[in-house]
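For the sequence shown, my numbering assigns the number 869 to the initial residue and increments by one for each residue that follows. Each residue gets a CB set at the ideal place from its N, CA and C atoms; glycine is no exception. Quick caveat: nothing in here was measured; it's all calculated off a predicted structure. Scroll down for the structure; my scribbles are underneath it.
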Amino acid sequence: MKARILGLFLLFEALFMLVTSLVALYYFYKCGDGDVLALTVSTIITAISGFILISAGRKSGKTRQEIDNFEVKDSFLIVTLTWIVFAVFGMLPFLLNGTIDNVTDAFFEAMSGFTTTGATVLNNIDEQPHGILFWRSLMQWLGGLGIIVLFLAVMPSLNRSSNKVMMFSAEMSGIGVKKLHPKMMMTARKLLGIYIILTILCGFMYWMGPMNTFDAICHALTTMSSGGFSTHQASISHFNSPYIEYVASAFMFASGINFSLYYFLFTGQGKLFRENEELRWYIGTVVLMMSIFIALFYFAPRLNTILTQVDSYPQGFENRFRTALFHVTSIITSTCFQATNYDYDLWGGLFLIPTFIMMASGACAGSTSGGIKIIREVISIKSINNIFRRLLHPNALFSVKVSNEVIDDDKTRRVVNFLIIFILLYVLGVLLFLVSGSNLQESMFNCISALGNSGPGTGRTGPSASFSELSDMGKWTMSILMLIGRLEIYTVLVTFLALFRGNRY
869 MKARILGLFL
879 LFEALFMLVT
889 SLVALYYFYK
899 CGDGDVLALT
909 VSTIITAISG
919 FILISAGRKS
929 GKTRQEIDNF
939 EVKDSFLIVT
949 LTWIVFAVFG
959 MLPFLLNGTI
969 DNVTDAFFEA
979 MSGFTTTGAT
989 VLNNIDEQPH
999 GILFWRSLMQ
1009 WLGGLGIIVL
1019 FLAVMPSLNR
1029 SSNKVMMFSA
1039 EMSGIGVKKL
1049 HPKMMMTARK
1059 LLGIYIILTI
1069 LCGFMYWMGP
1079 MNTFDAICHA
1089 LTTMSSGGFS
1099 THQASISHFN
1109 SPYIEYVASA
1119 FMFASGINFS
1129 LYYFLFTGQG
1139 KLFRENEELR
1149 WYIGTVVLMM
1159 SIFIALFYFA
1169 PRLNTILTQV
1179 DSYPQGFENR
1189 FRTALFHVTS
1199 IITSTCFQAT
1209 NYDYDLWGGL
1219 FLIPTFIMMA
1229 SGACAGSTSG
1239 GIKIIREVIS
1249 IKSINNIFRR
1259 LLHPNALFSV
1269 KVSNEVIDDD
1279 KTRRVVNFLI
1289 IFILLYVLGV
1299 LLFLVSGSNL
1309 QESMFNCISA
1319 LGNSGPGTGR
1329 TGPSASFSEL
1339 SDMGKWTMSI
1349 LMLIGRLEIY
1359 TVLVTFLALF
1369 RGNRY
């Protein structure tokens, strides 16, 4: 059963590789790109592997009863393996084309793509052929909403509805992801429909500016997925266009909103959209952080006397406002594009602290962003507030409410446990980065970048650099943390703990 499902997922990946091969073929005839063979061979290898797994699943002799006894732990295993397998086969185009010459870097690039982290080892993006650039963008779009969600939306071929529910829940484990239809397949389709509409609208708005059609499509894919991969080494700053920066900011902000709320808005249930408390906190956080950065842009130059630092700050109110808007929406949604003024390393230490906080925070649950998610932070704040209220009023009963809904104790405990595990993983990750050769500041940013699926670090891995100088140990550590962060910790840890304890699947 598991082999058959993984085989179907591989065929799903091969289908999108085929689309990329056709893009490469078009640009082969148009401008002589040489990546058609690499992408075609990757498609064939992926498809054949999928058919082999499907055949192995059919020959395993599983009875209908065994298939129906699909358990929660099976869904955790399949979801975790799916993301790993997608990265393994997704790195083939990079290796076969010669874009990357080793497995460590190729796997890192693929895992960063599918998890929408956006960290890259490439230093020559502008020199890459169109097919490779499109595959990098498409990987992020597939991973943005979720591989499982997309699969359930277009290929509803699992045996039971409960199987779909468990797999959906294992991938989209954040609080606030609501079922939009009694059938999970229909929920996935509605989410996918909203995702496609916003992506098309984003691409059209990019195309209306100085972007050509190819750049507009690729950047739309990576904007709505909160990914951050670009077709140019300089990212959004390549276009040197305030219009593009405002469009990117608007759609990055949109990608950080719970996609369920768009469905309520489009179906005339605007009250649910307006009264959503997490959305209000999200908007308030963006406004607050923008105000902080605008203020810092005014006062920081007086504190920094180094000419290169002073020159890196935006000048004039409109430029400061636009830079603050772009930086905040880019970081808090874990997209992490780079605009005209983007190098927070040059801005100074005052800018690193709020940037770090936003990388850890993330945007709304049910969005394509990474991080802890605002809903968990709101529940934690209200839970802590209730502790102090109980100390003052021992006989009173207090509950945690979000959007006028009572959050039961079980969900509150899960949120607190999530935060504890997140912190423990972060500390462990920082230690591993230190052992791998990074200094403390780099280790702290690299770890939160991976766990929060943000992308940029600081120093050698800062916004103006890549992760190519990171050691192999550091890259594998980041790859694992990116996977854990994208699947929101529980799914991967449950799978690893079960395997470590010897539990049979």
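When the Cα atoms are used, what is the spatial distance from Ile-1252 to Ile-1289?
-> Going by the C-alpha atoms only, they are around 18 Å apart.
Skipping 5 residues on each side, what residues in its chain have a beta carbon closer than 6 Å to that of Val-1191?
-> It should be noted that the sequence gives Thr, not Val, for residue 1191. In the same chain as Thr-1191, and ignoring 5 residues on each side of it, the C-beta atoms closer than 6 Å to its own belong to Pro-1182 and Asn-1209, in chain order.
Neighbour-count burial assignment, Gly-1354, 16 or more Cβ in a 10 Å radius = In the sequence on display, residue 1354 carries Arg and not Gly. Buried is the call here.
Glu-1186 - containing alpha helix (DSSP H), residue span | 1185-1200
Hey, out of Asp-1276, Ser-1339, Tyr-1294 and Ser-1336, whose CA is closest to Met-1350's CA?
-> The residue with the shortest Cα to Cα distance from Met-1350 is Tyr-1294.
Lys-1269, enclosing alpha helix (DSSP H) - first and last residue = Where Lys-1269 is concerned, there is no enclosing alpha helix (DSSP H), although the beta strand (DSSP E) it sits in stretches over 1268-1270.
Excluding sequence positions up to five away, which residues of its chain have a Cβ less than 7 Å from the Cβ of Gly-1325?
-> The answer, listed in chain order, is Glu-1310, Phe-1313, Asn-1314 and Ser-1317.
Looking at C-alpha atoms only, which residue of Ser-1332, Arg-1282, Trp-1344 and Asn-1321 is the closest neighbour of Val-1303?
-> Trp-1344
Would you kindly work out how many angstroms separate the C-alpha atoms of Asn-1272 and Glu-1143, rounded to a whole number?
-> Taking the straight line joining both Cα atoms gives about 9 Å.
Do you know how far the Cα of Phe-1072 is from the Cα of Thr-1099?
-> 17 Å
Whole-number beta carbon distance between Tyr-1074 and Ala-1088, since they are thought to touch under 8 Å = 6 Å
Enclosing alpha helix (DSSP H) for Glu-1143 [first to last residue] | That residue, Glu-1143, is in no alpha helix (DSSP H); it is neither H nor E in DSSP.
Is it right to say Asn-1238 is buried, meaning 16 or more other beta carbons lie within 10 angstroms of its own, or is it exposed?
-> Here the sequence assigns Gly to residue 1238, which means Asn is not the residue at that position. The residue in question, Gly-1238, is buried, as its Cβ has 16 or more Cβ neighbours within 10 Å.
Residues sharing a beta bridge with Glu-1273, DSSP = Val-1270
With DSSP as the reference, label His-1106 as helix, strand or coil.
-> helix
Residues near Val-1115 in its chain [Cβ-Cβ closer than 7 Å; skip 5 each side] | Excluding sequence neighbours, Val-1115 sits near Met-1073, Tyr-1074 and Gly-1077.
By how many angstroms is the C-alpha of Phe-1194 removed from the C-alpha of Ile-1125?
-> 16 Å
Helix, strand or coil at Thr-1326 according to DSSP, with G and I counted as helix = For Thr-1326, the secondary structure class from DSSP, reduced to helix, strand or coil, is coil.
Within the chosen definition, does the stretch 1321-1336 reach the stretch 983-996 through at least 3 CB pairs nearer than 8 Å?
-> yes
Nearest residue (CA-CA) to Ile-1104, options Ile-913, Asp-1211 and Val-909 | Asp-1211
Proximity winner among Asn-1187, Ser-1093 and Asp-1179, relative to Thr-1236 (alpha-carbon distances) = Taking only the C-alpha atoms, the option nearest Thr-1236 is Ser-1093.
If you compare alpha carbons, which of Met-1226, Thr-983 and Glu-1337 is closest to Glu-1356?
-> Thr-983
Buried/exposed call for Glu-934, threshold 16 Cβ in 10 Å = Note that Glu-934 has pLDDT 48, beneath the 50 cutoff, so the model's placement of it is unreliable and the number below is only indicative. Glu-934 comes out exposed.
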